[in-house]
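For the sequence shown, the residue numbers in this note's numbering are 1 to 254.
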Amino acid sequence: MVGGLAAWALVLGVLAVVSHRTDEPTVREQRDLAAALRVVDGAVGLSLAQAGADVVPVLMPVTVEEGCRITPFRAGATATSVVRFFTPDAAAFLGRLGTGYPPAYQVEVSTDGKALRADAGEFVAVRGKVITPSEVQVTITTGCRPSDGVVSADLLPETEQHAKPGEVLSVLGAASVEEPRVAFARCPSGRPAATASAVGYQVSVDPAVARQHDQGVVVVDSAKVYAYRRGANEAVVVLPTSDRDARVYVTELC
Numbered sequence: 001m002v003g004g005l006a007a008w009a010l011v012l013g014v015l016a017v018v019s020h021r022t023d024e025p026t027v028r029e030q031r032d033l034a035a036a037l038r039v040v041d042g043a044v045g046l047s048l049a050q051a052g053a054d055v056v057p058v059l060m061p062v063t064v065e066e067g068c069r070i071t072p073f074r075a076g077a078t079a080t081s082v083v084r085f086f087t088p089d090a091a092a093f094l095g096r097l098g099t100g101y102p103p104a105y106q107v108e109v110s111t112d113g114k115a116l117r118a119d120a121g122e123f124v125a126v127r128g129k130v131i132t133p134s135e136v137q138v139t140i141t142t143g144c145r146p147s148d149g150v151v152s153a154d155l156l157p158e159t160e161q162h163a164k165p166g167e168v169l170s171v172l173g174a175a176s177v178e179e180p181r182v183a184f185a186r187c188p189s190g191r192p193a194a195t196a197s198a199v200g201y202q203v204s205v206d207p208a209v210a211r212q213h214d215q216g217v218v219v220v221d222s223a224k225v226y227a228y229r230r231g232a233n234e235a236v237v238v239l240p241t242s243d244r245d246a247r248v249y250v251t252e253l254c
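Printed below as a string of C-alpha cells:
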C-alpha cells in the first residue's frame with residue numbers, strides 16, 4: 001500500500017513538471033516579468049499603430065515597481081507602460097481604439113464611451129481612459145510577477161532612434177535643455193517606435209514657431225498642449241511645465 005502511494009506520488013510529480021514546462025500558463029505567477037514585458041511591448045505597438053493623422057502619440061518609459069506579493073512568502077514586481085494620445089476628439093479616438101484591437105483582446109468599452117478594458121493575453125491588462133477632451137491614456141500592466149531581481153525596465157530592447165527634442169527646444173529659444181529620456185516599443189510591422197523627451201528652461205517662443213519651422217500640421221492647439229505632426233513618421237508635443245519651461249516629446253511613429 002505504502003509502495004503504491006509512493007509510486008503514485010512520483011507519477012504526479014513527473015506530470016506536474018511536464019505540465020509546468022509545456023502547458024499554457026493558467027495564473028500570472030507562471031510567467032515571469034521578462035516574458036510579460038514582451039506581451040506589453042506588443043500591446044503598446046498595437047496601440048501606437050492606431051494613431052492616425054489626427055492623433056499624436058507619446059510613449060512613456062516603462063516603470064517597474066517592486067514589493068508586491070505573489071504569495072505571502074514570495075515577492076514580485078509589476079511593470080507598467082503608458083501611452084498618451086493627443087487628438088482633437090479624445091472620445092472618438094477611444095472608440096476607434098476599442099474597435100482596432102484584435103478580437104482576442106476581448107475589448108469592453110464603458111457605456112459612456114470614456115473608458116475601455118482589454119486582455120492582451122497572458123494576464124496582461126490594457127486600460128484606456130479619456131483624460132481630457134484632447135487626451136486619451138492607455139495603460140498596460142503585467143500585474144505582480146516573478147522578477148528574479150529585476151530592478152529596472154531595461155528588459156525591453158533599445159534601438160537606434162533619431163528623435164531630438166533638444167532641436168525643437170532650441171527653436172523655442174530655451175536657455176538650457178536637460179538630457180533626454182527615451183522610451184521604445186515595437187510596431188506590428190516589426191520596426192521600432194520611440195519617444196524622446198526633454199525639458200527646456202526659459203522658453204521664449206510660442207510653440208507654433210517650432211511647427212512652422214518643421215513645416216508640420218497642427219493636431220491640438222490649446223493652453224495646456226500643442227501637438228503637431230511633421231512628415232509621415234514623426235510627431236511633436238509641447239507641454240508647458242511652468243510659465244517659462246516646457247517639456248517636448250518627439251515620437252518616431254509606427
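C-beta: ideal position from N, C-alpha, C; glycine also.
### Task
Would you tell me roughly how many angstroms separate the C-alpha atoms of Ala223 and Asp112, rounded to the nearest one?
26 Å
### Query
Does the pairing of the region 164-173 with the region 103-122 give three or more beta-carbon distances under 8 Å?
no
#### Entry: CA nearest to the CA of Tyr201, picked from Pro240, Ala183 and Val124
Pro240
### Message
According to DSSP, simplified to helix, strand and coil, what is Arg96?
### Response
helix
### Task
With DSSP as the reference, label Arg211 as helix, strand or coil.
helix
### Cβ-Cβ separation, Val55 to Val83 (assumed contact under 8 Å), whole Å
The pair is not a contact, with the Cβ atoms about 11 Å apart (cut-off 8 Å).
### Message
Less than 9 Å between the C-beta atoms of Ala36 and Phe93, yes or no?
### Response
no
#### Entry: Beta-carbon proximity list for Asp148, same chain, < 7 Å, skipping 5 on both sides
Asp32
### Message
Tell me which residue opens and which closes the beta strand (DSSP E) that Ala163 is part of.
### Response
Run containing Ala163: none; DSSP gives neither H nor E here.
### Message
According to DSSP, simplified to helix, strand and coil, what is Ser134?
### Response
coil
### Message
Using only the alpha-carbon positions, how far apart do Lys164 and Arg74 sit?
### Response
42 Å
### Query
Between Ser47, Asp245, Ala91 and Cys68, which lies nearest to Val126 when the distance is taken from Cα to Cα?
Ser47
### Message
So, does the region 185-198 touch the region 206-218, judging by three or more C-beta pairs under 8 Å?
### Response
no
### Message
Just to confirm my understanding: we take Pro88, look at its own chain, exclude 5 residues before and 5 after, and list those with CB closer than 8 Å. What are they?
### Response
Asp54, Ser134, Val219 and Val220
#### Entry: Complete beta strand (DSSP E) runs within the region 35-118 (minimum length 3 residues, chain order)
56-59, 63-71 and 74-86
### Query
Using the rule of at least 16 other Cβ atoms within 10 Å of the residue's Cβ for burial, across every protein chain shown, is Ser81 buried or exposed?
buried
### Message
I need the DSSP call for Leu253, collapsed to helix, strand or coil.
### Response
coil
### Leu172, DSSP secondary structure in three states
coil
### Message
Looking at the secondary structure, which residues open and close the beta strand (DSSP E) in which Ala232 lies?
### Response
No beta strand (DSSP E) contains Ala232, which DSSP labels as neither H nor E.
### Close Cβ partners of Val109 (< 8 Å) along its chain, the five nearest in sequence each way excluded
Leu94, Gly95, Gly98, Ala115 and Leu116
#### Entry: Contact under 9 Å by Cβ, Ala120 with Val58
no
### Pick from Thr63, Ala193, Ser242 and Ala49 that is closest to Cys144, judged by C-alpha positions
Thr63
### Query
Since Pro180 is in the beta strand (DSSP E), which residue starts that stretch and which ends it?
It is not in any beta strand (DSSP E) - Pro180 carries neither H nor E in the DSSP assignment.
### Message
For a test of the three-state rule: what should DSSP assign to Arg21, helix, strand or coil?
### Response
Residue confidence for Arg21 is low, a pLDDT of 38 falling below 50, so the modelled location carries little weight; the figure read from the coordinates is stated next. The answer is helix: DSSP assigns Arg21 an H, G or I state.
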